[in-house]
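Written below as structure tokens is the structure these notes are about.
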Amino acid sequence: MRAGWAGVALAPVDVPKTRLNFGQGIRLEVAVTLNGLAPEDVVVELLLGVPDYESIEQKPRQYGLPPSAPVDGGAKQRYVLDLAPEVCGRLDYRIRAYPWHELLAHPFELGLMIWN
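For the record, in the sequence shown the residue sitting at position 77 is 76 according to numbering that gives the first Met the number 0, with numbers rising by one throughout.
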């Protein structure tokens, strides 16, 4: 895992909308260079919250992006999330990826994570 992780990269497939009406949905697609890892070896998550959520009590909501079809002839794996946020107002989001295996004691045990 550690040897392959150095080549893992996230790239948005398209530019998402910057403004939504409450109840309106959005599709987020991320192409992940897996560098030889299997799609199920990597968790891709969206963290969605109010701006500067570190300084207030409200924690960001986490949404998993499940793997979808490979892209670029199989060189990258697409992860997709169709989301209709349950909250309104100004929201910030970040996308992260980290390794996953059922034998890990904690999801962040390996100390490997990338952000986009």
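Glycine included, C-beta positions come from ideal geometry on N, C-alpha and C. Quick caveat, the model's predicted, so the values are computed rather than measured.
query, result
"D40, DSSP secondary structure in three states", "helix"
"Buried or exposed by the 16-neighbour rule on C-beta atoms within 10 Å, applied to L27", "buried"
"Residues that DSSP places opposite G167 in a beta bridge", "In the structure as shown, the chain begins at 0 and stops at 115. Residue 167 is therefore absent and cannot be evaluated."
"Residue of G35, V12 and L9 minimising C-alpha distance to A2", "G35"
"Rounded straight-line distance, which links the Cα of H100 to that of G63", "15 Å"
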